[in-house]
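In the UniProt record's numbering, the protein residues as written are 1 to 599. Idealized CB from N, CA, C, for every residue including glycine. Heads up: the structure comes next, in structure tokens.
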Ligand SMILES: [Ca+2]
Ligand SMILES: [Ca+2]
Ligand SMILES: [Zn+2]
């Protein structure tokens with residue numbers, strides 16, 4: 001997950017004009033002459049990016065950029081109100097800088113208005129002479145991650161308040177990762193010490209949680225099996241060439257969790273329909289058939305003769321595929337209709353998924369390398385059903401959105417793959433917040449919207465996490481309030497801080513019944529918080545994520561980021577702005593208790 005991978009230096013500049021994040025008020029381009037508008041936008045995006053780059057160097061004392069740094073724009077955001085924001089990754093003397101990301105804020109007139117930066121220090125490694133050879137670094141990485149090391153690349157590791165010369169190595173088929181996924185290992189090029197060792201895909205359930213569930217003998221949901229290979233999986237050879245095909249068709253999904261749902265599919269021949277949505281960039285679900293491939297092209301295309309996918313039970317392999325495809329397209333629609341975000345990375349590319357991934361895998365993953373969701377079938381013991389519930393998909397795909405924006409990183413990962421630290425916890429929290437929003441957006445009668453995560457998993461506590469009162473979760477020990485030791489909390493446990501703040505901002509404190517679910521949200525200071533509604537709260541958090549968060553944003557930084565977002569959207573000292581402040585105070589995140597190192 002969220003690995004500190006090196007972005008290509010020739011990053012295409014993505015333009016975001018739909019900025020307010022408010023449904024109905026998003027800045028929409030003119031319908032006519034869209035092509036011309038796109039050209040005008042991209043040239044203005046390029047000029048905004050170069051103005052921001054120049055401003056970053058002109059204000060080096062504030063932005064921390066230095067001689068030898070090069071800034072590469074990855075996102076240009078043009079707000080309807082006038083502000084411009086450019087997100088940059090950085091290289092130093094040609095080497096990618098881990099933790100070197102920053103967002104430069106400009107006024108409408110393109111003058112410098114401030115910065116949000118991941119590193120507080122100037123990026124300047126003491127030496128650029130590696131003591132280790134690339135081969136030695138590869139060997140070290142292969143041994144700690146127990147897999148096949150790729151080529152070691154020299155980088156500057158600017159995380160953790162230092163600037164160290166290091167090698168970054170991707171290790172495939174890691175024996176330390178569930179299902180043998182890849183890991184990114186960063187090895188100090190001078191001392192040989194392993195600086196980080198991070199799984200590349202995000203697991204929905206952490207190793208520690210799975211251990212807890214097994215220890216408790218937790219058995220979720222009745223046994224249903226994984227289904228047999230059916231005639232539903234046909235080979236591509238059946239398709240006949242006809243100029244009328246492929247074309248968009250209106251198919252039906254008979255899912256496990258969301259009932260019978262309409263799905264846009266691709267008709268490839270008179271009686272061949274593929275689970276691929278041409279109206280959503282070609283978003284597609286395939287069947288991994290129990291394999292561990294992270295290559296989508298090796299997944300088996302899912303086709304039927306009658307455009308019906310699944311039978312509502314696991315006896316059809318395509319039922320889980322229907323859930324996956326439904327969840328993914330609803331997630332895409334949520335981001336598009338709410339924030340005009342075009343696809344997970346806002347680049348109009350498809351989201352992809354593979355179901356029946358691996359054997360007896362009790363987990364679901366977002367794999368950024370593949371750009372895919374990978375869904376296990378459950379271990380047949382604790383989890384009997386594939387992990388394809390709507391909020392699991394919304395959660396995991398939001399990690400993809402975070403990966404494409406603030407790219408929040410855990411501050412450390414232990415040998416088992418458990419992750420720690422506030423930026424990672426904030427990432428988990430945003431995944432839960434927007435994952436819940438996907439449910440509210442889909443408004444599916446079989447999976448009613450709620451502020452619970454994983455309520456369809458069949459756990460004894462009836463949910464995995466919840467936003468109103470996070471500590472009701474006894475499995476991961478999610479916390480309600482910030483404390484100094486939260487800086488090193490396990491990321492799912494720590495996620496409660498900002499999830500709770502979000503819930504209070506949206507719905508307020510105290511007892512409430514929403515969609516038949518009872519909530520009772522407490523506050524640290526005993527204050528009563530009156531919510532501003534989910535739509536506004538979500539707009540504030542999305543704007544904060546895309547404009548004012550970077551890879552190292554912690555909870556106090558998140559408070560500042562959401563205050564800035566609320567000020568942009570609703571004005572300084574507006575009710576919304578003041579409620580953001582109250583909501584954070586109610587989870588014990590205040591200006592006064594900001595840790596000294598982060599002031
Ligand atoms: Ca639900
Ligand atoms: Ca839910
Ligand atoms: Zn997650």
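- For residue 172, the enclosing beta strand (DSSP E) stretches over residues 164 to 172.
- At least one heavy atom of ligand 1 sits closer than 7 angstroms to the Cβ of residue 448.
- Around the beta-carbon of residue 572, fewer than 16 other beta-carbon atoms lie within 10 Å, marking it exposed.
- Bridge pairing for residue 352: 284, 372 [DSSP].
- Burial is judged here by how many other beta carbons sit within 10 angstroms of a residue's own beta carbon; residue 125 has at least 16 and is buried.
- According to the DSSP secondary-structure assignment, residue 127 is paired through a beta bridge with no residue.
- The residue among 299, 254, 246 with its C-alpha nearest the C-alpha of residue 277 is 246.
- The shortest C-alpha to C-alpha distance from residue 417 to any of 301, 139, 144, 542 is the one to 144.
- Shown here, residue 429 sits in a helix according to DSSP, grouped into three states.
- If you check the CB distance, residue 533 and residue 558 do not come in under 8 angstroms.
- In this structure, residue 563 lies away from residue 542, with their beta-carbon atoms at least 8 angstroms apart.
- Taking 7 angstroms as the cut-off, the C-beta of residue 455 counts as close to a heavy atom of ligand 1.
- According to the DSSP assignment, residue 488 belongs to no beta strand (DSSP E), since it is labelled neither H nor E.
- Taking non-hydrogen atoms of ligand 3 into account, the C-beta of residue 409 is found less than 7 angstroms away from none of them.
- Counting only residues of its own chain and dropping the five nearest sequence neighbours on each side, residue 406 has a CB closer than 7 angstroms to the CB of 545, 549, 550, 551, 553.
- When DSSP states are grouped into helix, strand and coil, residue 193 belongs to the coil group.
- Per DSSP, the continuous beta strand (DSSP E) segment holding residue 183 begins and ends at 183 to 188.
- For residue 439, the shortest separation between its Cβ and any heavy atom of ligand 2 lies below 7 angstroms.
- With distances taken between CA atoms, residue 408 lies nearest to 100 out of 100, 266, 299, 254.
- Between residue 402 and residue 363 a beta carbon distance of about 19 angstroms is seen, past the 8 angstroms cut, so the two are scored as non-contacting.
- Relative to the non-hydrogen atoms of ligand 2, the Cβ of residue 452 comes within a distance shorter than 7 angstroms of at least one.
- Around the beta carbon of residue 260, a 10 Å sphere encloses fewer than 16 other beta carbons of the protein chains shown; the residue is thus reported as exposed.
- For residue 361, the closest of 377, 300, 348, 372 by C-alpha to C-alpha distance is 377.
- For the UniProt domain "Peptidase M4" (251 to 402), the full-length beta strand (DSSP E) segments reaching 3 residues or more read 260 to 269, 272 to 274, 283 to 287, 352 to 355, 364 to 367, 372 to 375 along the chain.
- Measuring C-alpha to C-alpha distances from residue 415 to each of 384, 121, 175 identifies 175 as the nearest.
- For residue 557, there is no enclosing beta strand (DSSP E); the enclosing alpha helix (DSSP H) covers residues 555 to 570.
- For a cut-off of 8 angstroms, the C-beta gap from residue 425 to residue 346 is around 24 angstroms, too long to register as a contact.
- Here the alpha carbon of residue 508 sits roughly 25 angstroms from the alpha carbon of residue 445.
- Residue 483 has its alpha-carbon roughly 29 angstroms from the corresponding atom of residue 62.
- The C-beta distance from residue 320 to residue 356 rounds to 7 angstroms, short enough to meet the 8 angstroms contact threshold.
- Ranked by Cα distance from residue 435, the options 460, 264, 466, 420 are led by 466.
- Under the three-state reduction of DSSP output, residue 435 falls in the helix class.
- Secondary structure at residue 463: coil, using DSSP grouped into helix, strand and coil.
- Taking C-beta atoms under 8 angstroms as the contact rule, residue 285 and residue 324 qualify, at a distance of about 5 angstroms.
- Only residues of its own chain outside the window of five on either side were considered, and among them 515, 516 have a CB closer than 7 angstroms to the CB of residue 448, listed in chain order.
- A check of alpha carbon separations from residue 487 across 79, 370, 185, 555 identifies 555 as the nearest.
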